[in-house]
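K.L.:
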């Protein structure tokens with residue numbers, strides 16, 4: 001199937017269904033969604049130094065690097081973790 005999340009017939013699952021599955025599968029207290037994983041991938045891909053931002057934009061299907069740059073902002077938890085490392 002061309003879709004990452006699909007049903008047994010290979011048809012794309014809608015976003016509501018995917019989010020519901022994530023909610024059922026994630027441990028209590030964790031709010032992980034497909035969008036969270038996109039942020040995780042973008043930040044870690046650029047941090048690794050392996051991919052350039054234009055390459056990441058292409059991988060994520062963004063037509064504009066500006067869209068990809070929105071994913072580059074670390075979340076509050078990441079900032080807290082780094083502050084505690086000081």
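Numbering (full-length UniProt numbering), first residue to last: 1 to 86. For each residue, glycine too, the CB sits at the ideal point set by N, CA and C.
Tell me the residue span of the alpha helix (DSSP H) that contains residue 35.
P.N.:
Residues 34-48.
K.L.:
Take every Cβ of the region 66-81, pair it with every Cβ of the region 29-47, and state whether three or more of those distances are shorter than 8 Å.
P.N.:
Because the criterion of three Cβ pairs below 8 Å is met, the region 66-81 and the region 29-47 touch.
K.L.:
For residue 6, which residues from the same chain have a beta carbon less than 7 Å from its beta carbon, with the 5 sequence-adjacent residues on both sides left out?
P.N.:
Answer for residue 6: 12, 13, listed in chain order.
K.L.:
Just tell me which of 23, 48, 53 has its CA closest to the CA of residue 36.
P.N.:
Closest by alpha carbon: 23.
K.L.:
Can you tell me where the alpha helix (DSSP H) holding residue 54 begins and where it ends?
P.N.:
It spans 53-59 - the alpha helix (DSSP H) in which residue 54 sits, taken as one unbroken run.
K.L.:
Please report the Cβ distance between residue 34 and residue 56, rounded to the nearest whole angstrom; I am assuming they are in contact, meaning their Cβ atoms lie under 8 Å.
P.N.:
No, residue 34 and residue 56 are not in contact; Cβ-Cβ is about 16 Å, not under 8 Å.
K.L.:
Applying the 10 Å Cβ sphere with the 16-neighbour rule, what's the burial state of residue 16?
P.N.:
The residue is exposed, with fewer than 16 neighbouring Cβ atoms inside 10 Å.
K.L.:
Does residue 12 come out as helix, strand or coil in the three-state DSSP assignment?
P.N.:
Of the three classes helix, strand and coil, the one that applies to residue 12 here is strand, per DSSP.
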